[in-house]
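So the sequence shown is numbered by our numbering: it starts at 43 and just counts up by one.
Cβ atoms here follow ideal geometry from the backbone N, Cα and C, with glycine treated the same way.
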Amino acid sequence: MRLSLKHKILSFTVLFVVAVTVLCVVIHKSIRKKPTVVKLNVQRQTIKNVIDISGNISAANSQKLMASSNSIVEYVFVKEGDFVKKGMPLVWMDSLEEDYNLKVVDHNIEEQRINGSKKKLELLLAERKVKEKKLRDKQLSARFDGIVASLDCNPGDYFEQGSSYFGELIDRSYLEAIVEILEDDVQKLKIGQRVVFSFPAIEGEEIEGYVKSYPAVGDITDRGATVVKTNIRIDNPPDYLLPGYSFTGEIYVKEPEDVLTLKNEGILFKKGETFAERYTEDGGTELVRVKVEPLTKGVVKVLEGLGNTDVVKAQREIGQGNQKRGGGPGGPPPRR
43 MRLSLKHKIL
53 SFTVLFVVAV
63 TVLCVVIHKS
73 IRKKPTVVKL
83 NVQRQTIKNV
93 IDISGNISAA
103 NSQKLMASSN
113 SIVEYVFVKE
123 GDFVKKGMPL
133 VWMDSLEEDY
143 NLKVVDHNIE
153 EQRINGSKKK
163 LELLLAERKV
173 KEKKLRDKQL
183 SARFDGIVAS
193 LDCNPGDYFE
203 QGSSYFGELI
213 DRSYLEAIVE
223 ILEDDVQKLK
233 IGQRVVFSFP
243 AIEGEEIEGY
253 VKSYPAVGDI
263 TDRGATVVKT
273 NIRIDNPPDY
283 LLPGYSFTGE
293 IYVKEPEDVL
303 TLKNEGILFK
313 KGETFAERYT
323 EDGGTELVRV
333 KVEPLTKGVV
343 KVLEGLGNTD
353 VVKAQREIGQ
363 GNQKRGGGPG
373 GPPPRR
């Protein structure tokens with residue numbers, strides 16, 4: 043039976059489509075099988091093993107200056123920025139009432155010594171200690187060596203008991219902060235570890251301190267995490283570093299280390315030994331024995347056999363990892 047022209051055209055079209063499809067599949071497979079040469083650079087990196095921290099720095103000690111009772115400022119002996127010694131007078135409040143009350147108690151004590159009972163005398167002596175303290179509280183003196191960080195009062199100013207403080211004395215012999223260290227990092231902590239601080243208020247400068255102390259017991263935060271509140275300190279801080287400044291920082295578990303690194307795909311195993319296929323100056327390659335150890339996921343640290351200018355040939359597609367089973371560099375990285 044003779045095929046019509048229409049049927050001939052249809053048959054030819056089907057055969058053409060099949061042929062093109064087969065050709066595309068063959069070409070695709072050919073392209074997939076064609077190896078892609080990837081060159082990997084040996085790189086020099088600085089590795090840090092640190093614990094990240096943040097917080098606010100505070101003075102070693104502080105003394106708020108405020109009225110112990112409703113009072114008028116009588117004398118001001120210092121000004122803001124003055125350095126003072128422990129025991130030096132700062133501000134004295136009007137103490138006429140306290141002076142009078144103390145004299146009344148002294149008079150009653152004398153009377154009781156002559157004609158009174160022993161028990162009443164004991165009560166009066168105890169009362170005198172209370173009156174003495176109230177008088178001393180009117181005379182604000184430095185409790186430690188320090189600097190007058192703020193002062194906003196003058197003779198004649200009136201302050202009510204419990205009102206906001208009008209001055210502050212601080213000890214800047216050292217500055218410190220309490221930072222929260224997560225329980226996973228506590229095992230890395232040691233007394234004396236170096237701490238590097240960065241302060242937004244002091245641009246372009248890092249200030250060093252150290253880990254002073256930390257307790258043996260953790261605290262549970264509102265978020266349900268267990269933390270250890272660690273004391274970090276800066277001795278002899280610069281004058282421009284002020285208490286209250288915020289910071290970010292790093293506790294150095296180990297000092298920074300410069301290492302050579304290479305992606306796992308550049309490592310080749312042969313007969314239990316580790317190699318890399320290094321490119322030579324003429325564009326060829328040579329097999330060199332290397333010594334490596336895991337560093338991070340997908341990266342090894344090069345210990346021997348390669349330099350930081352070397353380029354090696356990838357032995358497999360990037361991201362495939364090491365196909366060889368066992369504890370080679372392609373395995374999971376160690377805990378650091």
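| Check whether Ser113 and Lys180 have beta carbons under 8 Å apart | yes
| request: Report the partner residues of Asn278 according to the DSSP bridge assignment. | output: Partner(s): none; Asn278 has no beta bridge.
| Lys305: buried (16+ other C-beta within 10 angstroms of its C-beta) or exposed? | buried
| field | Asp199 versus Asp226: straight-line alpha-carbon distance, rounded | value | 54 Å
| query | Would you call the stretch 76-93 and the stretch 141-156 in contact, with 3 or more CB pairs under 8 Å? | reply | no
| request: Let me know if Gln203 comes out buried or exposed under the rule of 16 or more other beta-carbons within 10 Å of its beta-carbon. | output: exposed
| query | Going by beta carbon distance, what residues of the same chain come within less than 6 Å of Asp187, once the five residues before and after it are set aside? | reply | Lys127 and Lys128
| query | Thinking C-beta only, is Ser100 closer than 8 Å to Pro285? | reply | yes
| How is Asn157 classed by DSSP in three states: helix, strand or coil? | helix
| query | Could you give the residue range of the beta strand (DSSP E) that holds Val84? | reply | Segment: none, Val84 is in no beta strand (DSSP E) and carries neither H nor E.
| request: Provide the residue(s) that pair with Ile223 in DSSP beta bridges, ordered along the chain. | output: Val270
| What are the start and end residues of the beta strand (DSSP E) that includes Leu132? | Pro131 to Met135
| task | Report the partner residues of Val330 according to the DSSP bridge assignment. | result | Ala318
| said: Assuming contact is defined by CB atoms lying nearer than 8 Å, are Tyr321 and Lys343 in contact in what I supplied? | reply: no
| task | Work out the CA separation of Val92 and Arg358 for me, nearest whole Å. | result | 33 Å
| message | Quick check on the DSSP output: what are the complete beta strand (DSSP E) runs of length 3 or more inside the stretch 164-231, in order along the chain? | response | 181-183, 188-193 and 209-224
| said: Using the Cβ count rule (16 or more neighbours within 10 Å means buried), how would you classify Val332? | reply: buried
| query | From Leu348, Gly325 and Tyr207, pick the residue whose C-alpha is nearest to that of Val334; which is it? | reply | Leu348
| request: Let me know if Tyr256 comes out buried or exposed under the rule of 16 or more other beta-carbons within 10 Å of its beta-carbon. | output: buried
| query | What do you reckon, are the CB atoms on Val238 and Glu248 nearer than 8 Å? | reply | yes
| Alpha carbon to alpha carbon, how far is Thr263 from Tyr117? | 46 Å
| said: Please state the DSSP three-state secondary structure of Leu107. | reply: strand
| query | Taking Cβ to Cβ, would you say Leu217 is nearer than 8 Å to Leu283? | reply | yes
| query | Cβ atoms of Val221 and Thr272: under 8 Å apart, would you say? | reply | yes
| task | For Asp141, name the three-state secondary structure that DSSP assigns. | result | helix
| request: For Asp148, name the three-state secondary structure that DSSP assigns. | output: helix
| Quick one: what does DSSP say Glu307 is sitting in, helix, strand or coil? | helix
| field | Beta-carbon spacing of Val147, Lys173 below 8 Å | value | yes
| DSSP on Lys162, reduced to helix/strand/coil? | helix
| field | Glu250, enclosing beta strand (DSSP E) - first and last residue | value | Glu248 to Ser255
| message | Closest to Cys195 by C-alpha separation, out of Glu122, Gly308 and Asn143, would be which residue? | response | Glu122
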